[in-house]
Amino acid sequence: MLEVKYEKSKGLTDTKLSYCPGCAHGIVHKLVAEALVELDILDRAIAIASVGCSVFSYQFFNCDAQQAPHGRACALATGAKRVLPDNIIFTYQGDGDLASIGIAETIHAANRGENITVIFINNAIYGMTGGQMAPTSLIGQKTTTSQDGRNQPNHGNPIKISEMFATIEGVAYLERVSVYDPKHVLNAKKAIKKAFQYQKENRGFTMIEVVSTCPVNWGMTPVDAMKWAKSDMEPVFPLGIFKDKGAE
Numbered sequence: 386m387l388e389v390k391y392e393k394s395k396g397l398t399d400t401k402l403s404y405c406p407g408c409a410h411g412i413v414h415k416l417v418a419e420a421l422v423e424l425d426i427l428d429r430a431i432a433i434a435s436v437g438c439s440v441f442s443y444q445f446f447n448c449d450a451q452q453a454p455h456g457r458a459c460a461l462a463t464g465a466k467r468v469l470p471d472n473i474i475f476t477y478q479g480d481g482d483l484a485s486i487g488i489a490e491t492i493h494a495a496n497r498g499e500n501i502t503v504i505f506i507n508n509a510i511y512g513m514t515g516g517q518m519a520p521t522s523l524i525g526q527k528t529t530t531s532q533d534g535r536n537q538p539n540h541g542n543p544i545k546i547s548e549m550f551a552t553i554e555g556v557a558y559l560e561r562v563s564v565y566d567p568k569h570v571l572n573a574k575k576a577i578k579k580a581f582q583y584q585k586e587n588r589g590f591t592m593i594e595v596v597s598t599c600p601v602n603w604g605m606t607p608v609d610a611m612k613w614a615k616s617d618m619e620p621v622f623p624l625g626i627f628k629d630k631g632a633e
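In the working numbering, the protein residues as written are 386 to 633.
Encoded structure:
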């Protein structure tokens with residue numbers, strides 16, 4: 386008799402993922418789903434889908450979900466959590482959605498210490514809309530709206546969300562992770578699971594920033610994109626825990 390060693394998480398539906406080959410969204414979806422199941426909170430989880438490549442995440446997570454207008458995921462999550470305080474509420478947002486149009490909603494949710502969890506995917510570019518420069522795009526990075534490369538005088542520097550949010554009192558736990566190799570995938574899962582655990586314990590606002598990839602808009606193969614995330618993105622967005630009130 387064959388023994389099952391691995392199977393798809395019950396936290397994911399059977400809907401086929403819509404992401405491009407090599408995109409790390411699928412990896413992070415898997416980690417979020419596994420964390421929800423392992424913490425036994427899937428049946429009371431509510432996902433808030435953003436606008437971007439992950440716009441259809443409400444079809445992928447096997448829990449209740451709500452679609453938010455562009456950038457308003459944390460505002461919607463705040464309302465859901467206040468109405469349903471016993472539910473586990475999480476947003477799933479890209480850098481364009483969170484760090485650009487949604488930066489105000491996200492900052493103020495953190496400042497209020499809303500007991501929600503934010504999964505923030507940082508791939509340094511607008512993915513769904515054609516590869517435009519994002520707030521997190523690197524200096525020198527070429528995009529459809531910075532064809533000669535991002536430069537500081539005209540475009541400013543990449544916004545470092547984790548460093549910025551670490552100064553906010555209402556944040557209970559904040560860590561930046563990556564998924565470019567198995568070791569870091571395991572660490573990312575540990576961080577996501579911890580963020581949900583803190584929400585279960587009513588500790589306040591938690592956010593996990595994931596340094597991710599966008600091979601198509603970066604103009605790279607999936608393998609090269611993973612290498613670039615490590616060689617070029619990680620020096621600008623160093624990994625680590627930026628705030629952990631549970632460890633204080």
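The C-beta atom is built at its ideal place from N, Cα and C for all residues, glycine as well.
Quick one: Cα of residue i to Cα of residue j, how far?
i	j	result
Thr463	Met386	49 Å
Leu469	Arg429	10 Å
Glu637	Asn539	Lying before the first or after the last residue shown, residue 637 is absent from the chain, which here runs from 386 to 633.
Who are the near neighbours of residue i in its chain, counting only those whose CB is closer than 6 Å to its CB and skipping five residues on each side?
i	result
Ile626	Glu560
Leu427	Gly396, Leu421 and Cys448
Gln444	Thr400
Arg588	Ala557
Lys630	Ala557
His414	Phe445
Ala495	Phe550, Ile553, Gly555, Val556 and Phe590
Report all residues from its chain with a CB closer than 7 Å to the CB of residue i; omit the five preceding and five following residues, and keep chain order.
i	result
Leu461	Ile433, Gln451 and Ala453
Asn572	Val562
Would you please state the rounded distance, in angstroms, between the beta carbons of residue i and residue j? I believe it to be under 8 Å.
i	j	result
Gln537	Ile524	6 Å
Lys579	Leu416	So it is not a contact: roughly 12 Å between Cβ atoms.
Val595	Val621	Incorrect: roughly 15 Å between the Cβ atoms, too far for contact.
Lys466	Asn500	6 Å
Residue i: which of the options sits nearest, CA to CA?
i	options	result
Ser531	Asn602, Ala494, Leu469 and Val596	Asn602
Lys615	Thr491, Val417, Ala509 and Leu416	Ala509
His569	Ile431, Val389, Ala409 and Tyr477	Ala409
Ala484	Met549, Asn496, Thr606 and Gly604	Met549
Gly456	Asn472, Pro607, Tyr477 and Ile431	Tyr477
Ala610	Met618, Pro600, Glu619 and Asp617	Pro600
For the beta strand (DSSP E) containing residue i, name the first residue and the last one.
i	result
Phe581	Unbroken run through Phe581 is the alpha helix (DSSP H), Pro567 to Lys585; no beta strand (DSSP E).
Gln478	Ile473 to Gly479
Asn508	First-last for Asn508: undefined, no H or E at that position.
Residues in the same chain with beta-carbon distance under 8 Å from residue i, minus the five sequence neighbours each way, listed in chain order, please.
i	result
Val440	Ala434, Gln452 and Met513
Pro520	Asp480, Gly481, Ala484, Ser485, Ile488, Pro543 and Ile544
What first and last residue would you give for the alpha helix (DSSP H) that runs through residue i?
i	result
Thr552	Careful: Thr552 lies outside any alpha helix (DSSP H) and carries neither H nor E.
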